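Protein chains in written order, with this note's numbering: chain A, 1 to 168; chain B, 1 to 501; chain C, 1 to 128. Where a beta carbon is used, it is the ideal one built from N, C-alpha and C, also for glycine. Quantities reported herein were computed from a predicted structural model and do not represent experimental measurements. Single-structure report; data block below.
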Amino acid sequence: MYLGYITFEEAKQALKGEERTYERDVVVETISRVMIPFIQLFALYVIIHGAGGPGGGFQGGVIFASSFVLFIIAFGISKAGKRISEANLTRLTSLGVYIFAGVGLLCLIFTIGAVQYLNYGFVPLTSHFAENRALCMDLVEIGIGITVMAAVTSIFFDLAWGRSEKEE
Amino acid sequence: MLSIEQFPLLIVVISLLSAFTILILGWLNEKSSCYISIATILIQFIMSIFVLNHVLTVGTIRYWLGGWMPPWGIEYVIDAMSAYMLVTLLFLGLLCVVYSKRNIEHELPRKLVSFYTAYQLLIAGLCGVVVTGDVFNMFVFIEIMSISSYALIASRGKIALKASFTYLIMGSIGACFFLLGIGFLYSVTGSLNMHDLAILLPPLYGNKVVQAAFVFFIVGLAIKMALFPLHTWLPDAHAFAPAEISAMLSGIIVAVSTYAFIRVAFSVFTTKFIIMYLPIFDILCWVSVIAMLYGSVLAITQTNLKRMLAYSSVANMGYIMLGVGLSTSTTLGLTPALMHILNHAVMKGCLFMVAGAFIYKADLWDIEDFRGLGRKMPYTTFAFILAALAMVGMPPSVGFVTKLYLIIACMEANQFIFVVAIFISTLLIVYYFWRVIEYMYIKVGDKDDKEVEVDEVPLSMLIPILILGVLCFVIGIIWLIDLPLPLMDAVNSLFGLGRVI
Amino acid sequence: MIDLILAKYNYWAFIILMLIGFYAMTAKDNLIKKVIGLSIFQTAIFLFYISLGDVTGGTEPIVSDEIISKGYIYVNPLPHVLILTAIVVAVATLAVALALVIRIYEEYGTIEEEEILEIERGRETSCQ
Chain A
1 MYLGYITFEE AKQALKGEER TYERDVVVET ISRVMIPFIQ LFALYVIIHG AGGPGGGFQG
61 GVIFASSFVL FIIAFGISKA GKRISEANLT RLTSLGVYIF AGVGLLCLIF TIGAVQYLNY
121 GFVPLTSHFA ENRALCMDLV EIGIGITVMA AVTSIFFDLA WGRSEKEE
Chain B
1 MLSIEQFPLL IVVISLLSAF TILILGWLNE KSSCYISIAT ILIQFIMSIF VLNHVLTVGT
61 IRYWLGGWMP PWGIEYVIDA MSAYMLVTLL FLGLLCVVYS KRNIEHELPR KLVSFYTAYQ
121 LLIAGLCGVV VTGDVFNMFV FIEIMSISSY ALIASRGKIA LKASFTYLIM GSIGACFFLL
181 GIGFLYSVTG SLNMHDLAIL LPPLYGNKVV QAAFVFFIVG LAIKMALFPL HTWLPDAHAF
241 APAEISAMLS GIIVAVSTYA FIRVAFSVFT TKFIIMYLPI FDILCWVSVI AMLYGSVLAI
301 TQTNLKRMLA YSSVANMGYI MLGVGLSTST TLGLTPALMH ILNHAVMKGC LFMVAGAFIY
361 KADLWDIEDF RGLGRKMPYT TFAFILAALA MVGMPPSVGF VTKLYLIIAC MEANQFIFVV
421 AIFISTLLIV YYFWRVIEYM YIKVGDKDDK EVEVDEVPLS MLIPILILGV LCFVIGIIWL
481 IDLPLPLMDA VNSLFGLGRV I
Chain C
1 MIDLILAKYN YWAFIILMLI GFYAMTAKDN LIKKVIGLSI FQTAIFLFYI SLGDVTGGTE
61 PIVSDEIISK GYIYVNPLPH VLILTAIVVA VATLAVALAL VIRIYEEYGT IEEEEILEIE
121 RGRETSCQ
């Protein structure tokens, strides 16, 4: 694959269900090996610092997923399929949603139904009302980040395989 | 322990969580996804009945999400209309998922997990639209419902893909217009809460921005609910979707868009705005009358049973919109429109499920292939006759009650030409349903026609069909003895319509 | 007249973009061009929202020394949050649309709408 550009012939070949033949390029592979961990670190930074600057769960999740897309472009999709399996992505999607919805339900459980759903102040992590709110907000952002990362990577996998997969 | 005030929110959250539970557990065991879905919707339905009871006895539920007060936070408001819609949609959703157990195993053998995940997300989106009291939150839930329905319609493959793509393009335009209307309203008032907007807007009624926002809302929601000129996505999408998704689309999804229309037009912009500044309800009545006649005429020319039923849905949307258009000028208020939402869901659900049963057994799409089915599938065709009689309007079925209330409303508003239009459309309905019944029971084929060997459909598909068929008449009797009258009075008094005038 | 055009240039940009997207969605036959038109249409609406929230001379809405010295004038953060949600919705719609286009291409071999309709008319039973 020439630096991410695929010819029309290769696209038609892929859609017929055959494997795309990849030419390995040393420059792309080396740069990706260096860049991918830094992209993921930056994604984690954006997720956590969403409350005090531009960022948040969704943006950080998409940046994290873009590191996986770089991996797929540089190393080929069959190798990426062995690293990041479809089943793991599905489990991560569900895990993120459970974290988000579960933190909201925790507030209901700890006060036995007296307060509202996402009222984070009542979750007894620390002693201050406002600190509880801030901590739970960060927890929820992490959950959203996990879900978005898994979902966007899964979408890219489905679009790039080129064979008949199930609709999601 | 948990007060009933928490229930509406729990209905949405349970649906969301179960969608992702199906995603995980379905990888282990495919068959369990259907049972999880049935169990979840059953729990939601029971909770919604408690909510309806609470709203009728105690009053409107106001729920502040996250503890933040209304102008800053999102608020969930359950009044009588929301509770009524919640019970209706969960009831039909339950019957559709019970029906889908055998149907989806037959039609989409390897896609069970994806189907039920998308179905649970659809239910979550539908419940969210009727429960919320914040305009932007309603936009998000409308989009959740629409995206799930795009995926569900396209799950059959082949021509359903193109139909779903057309629906996607048109539905996204509608949602974007809705978003634009929200933007206009936010720019002049600075609030997104429906109750707050109803207080902040009256001094600004003469402002052109507010009037433009109203027009954008109306057109955007008209695309979503397939009102006459903007209905072109509907026949293909309903005809080629799986049978229970057609029933959900036709009975619930367009009806929830109608609910959103009523909510925006009556709760945010009150009736004072519509009567004094932008009197669109006359145009709405005329457009819905044209929709009634157009849908019925085009249904006569169809040979495909599901396409015929889809055009009949266009006509029934005309009935609902006629009820909405006349609501400010009669003493019945919104009663005919809301009543027809439930009635149409029951009738059309039964009809689409019967069509699905024919396709499940012998892949019969065209009406001319139905020869002799009356003898081979007696219970299914009997349910078809019940639902067809209800659509025509034989007393005491639900169709008769709707037409009775609509004619009373037209006469009180002194629009006798609408009464004539209702009669003409009823005659057309008789014509196209009689054609199907004639092929099923009376016509005997020639010897060299394809002889289909069928027997009755399995029990898990037959029970929802028969329940809906019988309910067509039982619910009609319930409407006629005025049992739901307190509910309708509560809805009318919310918006200042009806006997309060 | 000059005031109508020059002072409100952000609204003119949004209207022109919206109409370009709308034209691409309705008048083009290629399915990918329709999806691109949808994307342009939604982007125009996001631009409109963000330009609503601008306050003249305002700075970013985070409590810091800069904002205290300027006297607490900050841009309205609410439209930005609304647009984040709307962008997520737009991305989901785009994903479903692209998946549908790929499946249509596998099924019919073409993504021109005219050719798809011809193939459908040519098929024996079109209700498969």
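Starting from residue i and walking both ways along the alpha helix (DSSP H), at which residues does that stretch end?
i, result
"Val-130 (chain B)", "112 to 131"
"Ile-408 (chain B)", "398 to 412"
"Met-138 (chain B)", "135 to 153"
"Ala-388 (chain B)", "378 to 392"
"Gly-372 (chain B)", "Neither: Gly-372 (chain B) is in no alpha helix (DSSP H) and is coded neither H nor E."
"Tyr-259 (chain B)", "254 to 263"
"Lys-272 (chain B)", "271 to 276"
"Tyr-431 (chain B)", "416 to 437"
"Tyr-167 (chain B)", "159 to 189"
"Ser-288 (chain B)", "281 to 300"
"Ser-3 (chain B)", "Careful: Ser-3 (chain B) lies outside any alpha helix (DSSP H) and carries neither H nor E."
"Leu-483 (chain B)", "Per DSSP, Leu-483 (chain B) belongs to no alpha helix (DSSP H) and is neither H nor E."
Taking residue i as part of the beta strand (DSSP E), name the residues at either end of that continuous run.
i, result
"Trp-64 (chain B)", "61 to 64"
"Val-77 (chain B)", "75 to 78"
Nearest to residue i by CA position, among the options, is which residue?
i, options, result
"Thr-147 (chain A)", "A:Leu-70, A:Arg-91, A:Gly-55", "A:Arg-91"
"Trp-27 (chain B)", "B:Lys-111, B:Val-12, B:Leu-89, B:Thr-57", "B:Lys-111"
"Phe-91 (chain B)", "B:Ala-265, B:Phe-416, B:Gly-476, B:Leu-471", "B:Leu-471"
"Ala-175 (chain B)", "B:Ile-223, B:Ala-154, B:Asn-492", "B:Ile-223"
"Phe-502 (chain B)", "B:Val-297, B:Ala-237, B:Val-215, B:Val-254", "In the structure displayed, chain B extends from 1 to 501; residue 502 (chain B) sits before or after that span and is not available."
"Asp-489 (chain B)", "B:Val-210, B:Asp-79, B:Glu-143", "B:Asp-79"
"His-340 (chain B)", "B:Phe-228, B:Pro-235, B:Lys-443, B:Trp-479", "B:Trp-479"
"Leu-25 (chain B)", "B:Ile-104, B:Leu-94, B:Tyr-116", "B:Tyr-116"
"Val-27 (chain A)", "A:Ala-74, A:Met-149, A:Gly-96", "A:Ala-74"
"Ala-388 (chain B)", "B:Val-491, B:Pro-336, B:Phe-433", "B:Phe-433"
"Thr-93 (chain A)", "B:Phe-20, B:Leu-94, B:Val-87, B:His-231", "B:Phe-20"
"Tyr-294 (chain B)", "B:Leu-56, B:Ile-422, B:Asn-53", "B:Ile-422"
"Ile-119 (chain C)", "B:Val-140, B:Val-209, B:Val-491, B:Lys-162", "B:Lys-162"
"Asp-455 (chain B)", "B:Ala-154, B:Ser-327, B:Leu-494, B:Ile-359", "B:Ile-359"
According to DSSP, simplified to helix, strand and coil, what is residue i?
i, result
"Met-1 (chain C)", "coil"
"Glu-118 (chain C)", "helix"
"Thr-30 (chain A)", "helix"
"Tyr-74 (chain C)", "strand"
"Glu-60 (chain C)", "coil"
"Ile-20 (chain C)", "helix"
"Asn-256 (chain A)", "Since the first residue of chain A shown is 1 and the last is 168, residue 256 (chain A) is not available in this structure."
"Glu-244 (chain B)", "helix"
"Asp-29 (chain C)", "coil"
"Asp-236 (chain B)", "helix"
"Asp-448 (chain B)", "Because the pLDDT at Asp-448 (chain B) is just 48, under 50, the model does not fix this residue reliably, and the value given afterwards should be weighed accordingly. Reduced to three states, the DSSP call for Asp-448 (chain B) is coil."
"Glu-141 (chain A)", "helix"
"Asp-169 (chain A)", "Residue coverage of chain A in this structure runs from 1 to 168, which leaves residue 169 (chain A) outside it and unanswerable."
"Glu-112 (chain C)", "strand"
"Asn-207 (chain B)", "coil"
"Asn-119 (chain A)", "coil"
"Asp-65 (chain C)", "helix"
"Asp-366 (chain B)", "strand"
"Tyr-9 (chain C)", "helix"
"Glu-167 (chain A)", "Summary for Glu-167 (chain A): the model assigns pLDDT 40, below 50, so the residue's position carries little reliability; its value from the coordinates is reported in the next sentence. It is coil, neither helix nor strand."
Please confirm if the region 33 to 45 of chain A is in contact with the region 70 to 78 of chain A, defined as three or more CB-CB distances below 8 angstroms between the two stretches. Cβ pair count under 8 angstroms is three or more, so yes.
How about the region 104 to 116 of chain C and the region 23 to 31 of chain C: do they share at least three Cβ pairs that are nearer than 8 angstroms? As far as the Cβ criterion goes, the region 104 to 116 of chain C touches the region 23 to 31 of chain C, which means the pair count is three or higher.
For the region 47 to 86 of chain A, list the alpha helix (DSSP H) runs that are entirely contained and at least 4 residues long, ordered along the chain. You should have 57 to 75, 77 to 83.
Would you call the region 282 to 292 of chain B and the region 391 to 403 of chain B touching, i.e. three or more CB-CB distances under 8 angstroms? By the Cβ test, the region 282 to 292 of chain B is not in contact with the region 391 to 403 of chain B, since fewer than three Cβ pairs between them sit closer than 8 angstroms.
In chain order, which continuous runs of the beta strand (DSSP E) of length 3 or greater are located wholly inside the region 308 to 356 of chain B? Complete beta strand (DSSP E) runs here, min 3: none at all.
Give, in chain order, every unbroken run of the beta strand (DSSP E) that is at least 3 residues long and sits entirely within the region 15 to 68 of chain B. Within the region 15 to 68 of chain B, the complete beta strand (DSSP E) runs of at least 3 residues are 61 to 64.
The region 138 to 146 of chain A in contact with the region 97 to 111 of chain A per 3-pair CB rule at 8 angstroms: Per the Cβ contact rule, the region 138 to 146 of chain A is in contact with the region 97 to 111 of chain A (3 or more Cβ pairs under 8 angstroms).
Chain F contacts from the region 65 to 93 of chain C (Cβ-Cβ distance under 7 angstroms): The chain inventory of the structure shown lacks chain F, comprising the protein chains A, B and C.
Within 8 angstroms, do at least three Cβ pairs link the region 178 to 187 of chain B to the region 45 to 52 of chain C? Put simply, the region 45 to 52 of chain C touches the region 178 to 187 of chain B. At least three CB pairs are less than 8 angstroms apart.
Decide if the region 234 to 247 of chain B is in contact with the region 196 to 211 of chain B; the criterion is three or more beta carbon pairs, one per stretch, under 8 angstroms apart. Touching, no.
Tell me, please, whether the region 309 to 320 of chain B touches the region 230 to 237 of chain B by the rule of three or more beta-carbon pairs shorter than 8 angstroms. Judged by pairs of C-beta atoms under 8 angstroms, the region 309 to 320 of chain B touches the region 230 to 237 of chain B, as three or more such pairs exist.
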